[in-house]
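Worksheet for the structure shown next.
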Amino acid sequence: MAAQTGLSAPALVSRSDVPVFRPVALSAEAAPFAPLGTDGWRLGSPSDAEKQFSRCAARLRALRADSGQLREELNLLFDQLLSENYNRTFEPNINIRAEDVCSLLRHTSGLVPLSQEHLVIKLCQLVHHLLNQLKVIMDEQTLDVLVNYTAGALKVCSTWTHSDVLLALSTIVYGNGPQCHQHLSHLLGEDGVLLLYSSPTQPNMELRRVALTCMANICLRMPGQPPLDDQYRSVSFSVFLKTLQSPKPPNTDELFYCMVVQAALKGLQCCLSGGKWKFGGAEELGSVLASLKRLMFQGAPGVNVEWPAVLYPAPLPQYEGLSTPKPAEASKPSETQKDATVSGKNSGNKKRKSRGKGKKTSTEESRGDDGEEDDREAVPVLQKGGGRDGGQVEAESKLSAPSLYPSWKRTSSDSEFSDPEGSVQCKLRLYHGRVRQGALHCLLAVVKGVEKRTLYGYWSSFIPDSPPIGGPPPLTLLTIILKDPSPKVRACALQVLSGLLDGSRQFLAVAEDTASPRTSYTPFSFLLATAVRELHRALSLALLAETSPQTLTQVIKCLAYLVANAPYHRLRPGLLSPLWKQMRPYVRHRDVNVRVSVLTLYGALVTTQAPLPEVQLLLRQPEGSSNAGSFTPKDSALSWRQRDGVSSPSRTPVTASPRGPRTPAEEDSSPPWLLQLCVSLVTQPREDQSDSEGVGTGGGLALEPSPVRLEALQVMSHLVRGYFSLAQACLCEIGQVSARCLGETDPSIQLHGAKLLEELGTGIIQQYRAENNVPESSRVPMSQVVLFWSEVLSGPLNRALQNEQHPTLQTSACDTLSSILPQAFAQLPDKTQLMCITVLLGLTYSENYLVKTAAVRALGVYILFPCLREDVMFVADTANTILAALDDRSPNVRAKAAWSLGNLTDTLIVNMESVGVDFQEELSDMLLLKMLQAATRASADKDRVKSNAVRALGNLLHFLRQSQLSRAVFQRPLEDAVRALVKTVQSDATMKVRWNACYALGNAFRNPALSLDSAPWSGDAFSSLCHVVTSCKNFKVRIKSAAALAVPSHRGCYGDTERFSCVWHSLAKALENSEDTNDFLEYRYSASLRHTLSQALLHLLSVSQPQDMPALGASLAGEEGRGIKEHLIKYVRAEDGGGEGEQGDKEAGGDSSTPQQRVGGLQQTLIRLKELKAEAEEERGNELVVQFLEDLLKSCEEP
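Quick note on the numbering used here: the sequence shown kicks off at 13 and runs consecutively.
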């Protein structure tokens, strides 16, 4: 380090207060170096570093600029401070205050004039030494002083000092770029010193490296800080990119060049990670990706290809509407044609007879046991043939294809350089590995910072879409994952691939290969499916070849991302079965992180598109049915459970079962192997204490580490959610596991135990829902459900509900209470029911908003229970609780309170129809008034509150009786409620809110006690619905508004002739424009809209009176009538589809009639109109309407 150069040795020797060290012979048996002072104290003790700093700092602060022998004093004190090690990694007890360091550096910078260049260098070394080792966070004054000093030194001092000055400056500005804005114009402005030294034309590589490091530290953004100004970030980005694109200068040492590239890569990563970054078009993004792809293979022997300067995105069929600035240019052919040195078959296609059977070399064993954390170990391992594929594979590859075997995997006998040259080559490989690692870190920053849709076009440059057949495979991320000698680089490549796969479900959803592709062309869906299969193949090979536990963890995590996003229901079966069996042995891996990642992968397998038939078959397989031996990794990785030939009696899932074959009935009734495994991981003690996380207490009774148990509980939850029919056989056992977890002291374990209970309850509820059509014989018996909840509610769940120290646990426990099957709740003892209700009512007064939200939601579920909804006292208590929650300051609480209020008002409507007037009379009028006023206020809240508030308003307006509406106290709230609905219908709120508001108005129109004909607000209500039905862009809102207009049951509700005519013409216009939309997603609802509009028009005809005939006759006799007739014929014949419309009508009380019933309704309308007595003008209109209906009936009856 530069901080260790330039020390003045004579000055050190000439002072009496510096200890004189005795010579020590160097040997392997010598004790670690710890120099002794003249008085016998050890400098390495924690207190001595502080003493040395305090003594030197005091002497420095005592110095003044006019002191005699200032230069000699400064020299001596600087040397003493630089000679001390302040690194807290080695001396954790060092306690030097940051303000003391800042004060010292500020004072010292005023003592060293810029003309004394040797002292300037030492001061810069001291700044770097102290700030770097003590991790000092500077105050603004110190930052300003030191930046001013170093910037002045760059202006005044000679060039030979600038390397040390820039090193100090890079330490000063580390993460402080935005705070140095007054100096950035000098450093990064036009002709700035950093731009000068970082230029590709700069011959001094050390200056160039330090300048790039300084720029990278300026661009580095610390958490909570504002990003660097875009102007300087863009300038730095251009410099970093230009550095990566420029070739190595001639006569430049490769090691120095690698260090420069590393600094540029670090800077580029800081730019991309320092806030939102917008690339200057696809050209700039393509240039960055091209440079990073080239550097991903920096120093890879034999990779000699012509790299493109820019990568262009491939056209994607599902995004053809998006304009792409550049057409697709094939960048891969130039790589694949010239890349004749990397073989895709060397890493996994050879037989591995020697794996786990032959005797390992010492190098291989060291790598397998220690994980090869340091990249420097990767080189000798691979040179000696003990690397990723073993000697057998290497020998076969030499015989079969020596020219294709990567030179980084050759044995030491292939080396042509001597030992000194070999050490240089090892160092060069180390630096090349760091470059590759830096490039992958940058690529990961690009993946995280660029929109997913933009990156999809570049997938083919980094992920192959076909297996290597014939020629050499393309250079992609999979090449690095399978071939790179450094485990750190492989892990970085896996992280990038995971980043690409994460969130790609929408893109990969297009993939499909269930049908054979056409011979004329290969569809894009088939290419994507092939890419998914190639990812499975390559990652499976990486899983077999990997020996580093850290990288192995990344392989399994990457597989989990792939499984979570790939559309396996659109792919040919067979991808998941090998992976499922291949992962089984790794469940017992000695590394805890590997075990956790395996469980994460199993969780993804039972979550993706559940239930998948292939996964169902795998879950039904008995424990020992799969031949896991062919997938077993190295014995060193799995033998931790079977040391010294003694195997674990209770943990042998990868061995063949001693039982005979099971019958199909036994397989159906037996719990899935994965469920048994998770139960054992959660509950059974760990037999071996060799885990890295430490031993347990008390003779090997320690449970699995907490991360393993938590992940096992999550897998159980996923399994119950997706495959409840397989897990229900173990309902009681899973309940006992949850109860045990709730009884533990670890809050995380308790929380996951409660969530598992909630999933069990939800699964039972789903089984008993009528729409799921689960046969009675396949359901969990009601008696067992009641027994299950009786045991749960009498166990530790009560303590969790009352555990105020852990609000998250209380929240989850409330959710668990809300997942009780209503039929089972009715059969629980009265004491248990009362306990549940009392606890929930009490928790709504919790100070924690999460607990209050969950409790209010649970009450909203309970109010729908048949055994509780007719209890007036419970309804009143729940209503008062919800009304209090609607005024809470938390929007989450208010949103759930509005949802619960909507459920409560749904209950009122159900009770009104089932119980009748008795229930309405028992409920307090004042409580209803409060609910009406609260819902009106909530309708002006945020959209997620408003959507349920308007639903509650509609129900309340439907529920109120004539005796209540006639009271003066209800008049103003009633008008305010309706006007709130009208305002919401006409607002710019989300479509869900407007849909609910239209539904609410239709619901209100059902109340015969509301005087729609004379109320002052009725005109606005009908007008708002007429406006929405003709102009709203969302067809589902139009459907609901048309259904609301068809709700009034008699003509008087529509008011005068003018209002009736307005409703008619609005519906007719909406029917005429029912196909006019620019959004294809809305067009799919057009048939449903026509269905509802046709039904509404026929309803108006059925209630029309003589005074309406002139307007109706004029409409039906003209051009408008011909369009209406065409649509009505389709409606009566049921030719318009109308699935969504029928569902909407069903919700709004409309018909779901057959064509014969619709014809019968038309005939009744025709008979009624013929019997109407009208005046002359009305008679003429009546004749036109009758003629229209007769023609309509004839057309409908024609074959």
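Glycine is no exception: its CB is placed at the ideal position from the N, C-alpha and C atoms.
1) Quick one: using the 10 Å Cβ neighbour count with 16 as the cut-off for buried, is residue 227 buried or exposed?
2) So that I know if they touch, is there some Cβ in chain C lying closer than 8 Å to that of residue 686?
3) Under 8 Å by Cβ, that's how I've got residue 1040 and residue 1061 pegged, so tell me the actual separation to the nearest angstrom.
4) Mind checking whether residue 956 and residue 1012 have CB atoms under 8 Å apart?
5) Note the first and the last residue of the continuous alpha helix (DSSP H) segment covering residue 765.
6) Between 220, 243 and 167, which has its C-alpha nearest residue 190's C-alpha?
7) In chain order, which continuous runs of the alpha helix (DSSP H) of length 4 or greater are located wholly inside the segment 505 to 577?
8) Using only alpha-carbon positions, find the residue among 742, 1135, 629 and 554 that is nearest to residue 589.
9) Would you decide whether residue 234 is buried or exposed? Buried here means 16 or more other CB atoms lie within 10 Å of its CB.
10) On the DSSP letters alone, give me the boundaries of the alpha helix (DSSP H) that residue 192 sits inside.
11) Exposed or buried, residue 160, counting other C-beta atoms within 10 Å across all chains shown (16 or more means buried)?
12) Quick check: residue 1079 and residue 1110, are their CB atoms within less than 8 Å of each other?
13) Measuring straight from C-alpha to C-alpha, what distance separates residue 496 and residue 502?
14) With a cut-off of 8 Å on the beta carbons, I'd call residue 942 and residue 895 a contact; round off their distance for me.
15) Here's the rule I'm using: 16 or more other beta-carbon atoms within 10 Å means buried, otherwise exposed. How should residue 1072 be labelled?
16) With a threshold of 16 other CB atoms inside 10 Å of the CB of residue 734, please say whether the residue is buried or exposed.
17) Go through its chain and collect everything with a Cβ distance to residue 826's Cβ below 6 Å, but skip five positions before and after it.
18) In chain order, which alpha helix (DSSP H) runs of at least 4 residues are fully inside the segment 854 to 896?
19) With distances taken between CB atoms, is the gap from residue 1024 to residue 1065 smaller than 8 Å?
20) Is DSSP giving residue 485 helix, strand or coil here?
21) Could you have a look at residue 323 and say whether DSSP puts it in helix, strand or coil?
22) Within a Cβ cutoff of 6 Å, which residues of the same chain sit near residue 934, ignoring the five residues on either side of it in sequence?
23) Can you tell me the Cα-Cα spacing of residue 1199 and residue 1055, whole angstroms?
24) Could you tell me whether the Cβ atoms of residue 315 and residue 309 are closer together than 8 Å?
25) Would you mind sorting residue 333 into buried or exposed? The rule is 16 or more other CB atoms within 10 Å of its CB.
26) Which of the three DSSP states is assigned to residue 972 in this structure?
27) When the Cα of residue 157 is compared with those of 808, 180, 874 and 176, which residue comes out closest?
28) Going by the beta-carbon positions, is the gap between residue 616 and residue 567 smaller than 8 Å?
29) Quick check on residue 1122: does DSSP put it in helix, strand or coil?
30) Between the alpha carbons of residue 916 and residue 756, how many angstroms are there, rounded?
31) May I have the straight-line CA-CA distance separating residue 1121 from residue 1130, to the nearest angstrom?
32) With a threshold of 16 other CB atoms inside 10 Å of the CB of residue 411, please say whether the residue is buried or exposed.
33) Where does the unbroken alpha helix (DSSP H) through residue 686 begin, and where does it stop?
34) Looking at residue 252 and residue 280, is the spacing between their C-beta atoms short of 8 Å?
35) Going by C-alpha distance, which of 805, 1089 and 819 is nearest residue 828?
36) For residue 810 and residue 838, what's the separation of their Cα atoms in angstroms?
The relevant details are as follows:
1) Taking the first residue of the sequence shown as position 1, residue 227 is located at position 215. Answer is buried; the Cβ neighbour count reaches 16.
2) Among the protein chains of the structure shown there is no chain C, as only one such chain exists.
3) Here residue 1040 refers to the residue found at position 1028 of the sequence shown. Here residue 1061 refers to the residue found at position 1049 of the sequence shown. Contact doesn't hold; Cβ gap of about 22 Å is too wide.
4) In the sequence shown, the residue the question calls residue 956 occupies position 944. In the sequence shown, the residue the question calls residue 1012 occupies position 1000. Cβ distance not < 8 Å, so residue 956 and residue 1012 don't count as in contact.
5) Here residue 765 is taken as the residue at index 753 of the sequence shown, counted from 1. That run of the alpha helix (DSSP H) goes 759 to 780.
6) Counted from its first residue, the sequence shown places residue 190 at position 178. Of 220, 243 and 167, the residue nearest in Cα terms is 243.
7) 517 to 520, 536 to 557 and 561 to 577
8) In the sequence shown, counting from the first residue as 1, residue 589 sits at position 577. If we check each option's Cα against that of residue 589, 629 comes out closest.
9) As a position in the sequence shown, residue 234 is number 222, starting the count at 1. Label assigned to residue 234: exposed.
10) The count along the sequence shown starts at 1 and reaches residue 192 at position 180. Looking at the DSSP string, residue 192 is not in any alpha helix (DSSP H), and its letter there is neither H nor E.
11) Mapped onto the sequence shown, residue 160 falls at position 148. Residue 160 is exposed by the Cβ-count criterion.
12) Here residue 1079 refers to the residue found at position 1067 of the sequence shown. Here residue 1110 refers to the residue found at position 1098 of the sequence shown. No, Cβ-Cβ distance for residue 1079 and residue 1110 is not below 8 Å.
13) Taking the first residue of the sequence shown as 1, we reach residue 496 at position 484. Taking the first residue of the sequence shown as 1, we reach residue 502 at position 490. Each residue's Cα considered, the two are about 6 Å apart.
14) Against the sequence shown, residue 942 aligns to sequence position 930. Against the sequence shown, residue 895 aligns to sequence position 883. So it is a contact: roughly 6 Å between Cβ atoms.
15) Position 1060 of the sequence shown, counting from 1, holds the residue named residue 1072. When all chains shown are included, residue 1072 counts as buried.
16) Start at 1 with the first residue of the sequence shown, and residue 734 comes out as number 722. Per the 10 Å Cβ criterion, buried.
17) Here residue 826 corresponds to residue number 814 of the sequence shown, with the count starting at 1. For residue 826, where only same-chain residues beyond five positions count, the Cβ hits under 6 Å are 866, 867 and 870.
18) 861 to 874 and 878 to 881
19) As a first step, residue 1024 is located in the sequence shown; it is residue number 1012 there, counting from the start. As a first step, residue 1065 is located in the sequence shown; it is residue number 1053 there, counting from the start. It is a contact, given that the beta carbons lie within the stated cut-off.
20) Along the sequence shown, read from residue 1 onward, the residue named residue 485 stands at position 473. DSSP places residue 485 in coil when its eight states are reduced to three.
21) Residue mapping note: residue 323 aligns to position 311 of the sequence shown, counting from 1. Residue 323: coil per DSSP, three-state reduction.
22) Locating residue 934 in the sequence shown gives position 922, where the first residue counts as 1. Around residue 934: 884.
23) Position 1187 of the sequence shown, counted from the first residue, corresponds to residue 1199. Position 1043 of the sequence shown, counted from the first residue, corresponds to residue 1055. When rounded, the distance between both Cα atoms is 26 Å.
24) As a working mapping, residue 315 is identified with position 303 in the sequence shown. As a working mapping, residue 309 is identified with position 297 in the sequence shown. Yes, the pair counts as a contact, with Cβ atoms nearer than the cut-off.
25) If you number the sequence shown from 1, residue 333 lands on position 321. Residue placement at residue 333 is poorly supported in this model, since its pLDDT is 37, which falls under 50; the coordinates still yield a value, given next. Exposed.
26) By one-based count along the sequence shown, residue 972 stands at place 960. DSSP places residue 972 in coil when its eight states are reduced to three.
27) Start at 1 with the first residue of the sequence shown, and residue 157 comes out as number 145. Closest by alpha carbon: 180.
28) The residue labelled residue 616 in the question sits at position 604 within the sequence shown. The residue labelled residue 567 in the question sits at position 555 within the sequence shown. Against a cut-off of 8 Å, the Cβ pair of residue 567 and residue 616 comes out as no contact.
29) By 1-based counting over the sequence shown, the position of residue 1122 is 1110. Correct three-state label for residue 1122: helix.
30) Taking the first residue of the sequence shown as position 1, residue 916 is located at position 904. Taking the first residue of the sequence shown as position 1, residue 756 is located at position 744. Straight-line Cα distance between these residues: approximately 37 Å.
31) Numbered from its first residue, the sequence shown carries residue 1121 at position 1109. Numbered from its first residue, the sequence shown carries residue 1130 at position 1118. Their Cα atoms are separated by approximately 14 Å.
32) The count along the sequence shown starts at 1 and reaches residue 411 at position 399. Summary for residue 411: the model assigns pLDDT 30, below 50, so the residue's position carries little reliability, and this model does not support an answer.
33) Within the sequence shown, residue 686 is the residue found at index 674, counting from 1. From DSSP, the alpha helix (DSSP H) with residue 686 extends over 685 to 695.
34) As a first step, residue 280 is located in the sequence shown; it is residue number 268 there, counting from the start. As a first step, residue 252 is located in the sequence shown; it is residue number 240 there, counting from the start. Their beta carbons are under 8 Å apart, which means residue 280 touches residue 252 by this criterion.
35) Residue mapping note: residue 828 aligns to position 816 of the sequence shown, counting from 1. Of the listed residues, the one whose Cα sits closest to residue 828 is 805.
36) Position 798 of the sequence shown, counting from 1, holds the residue named residue 810. Position 826 of the sequence shown, counting from 1, holds the residue named residue 838. Those two C-alpha atoms are separated by around 19 Å.
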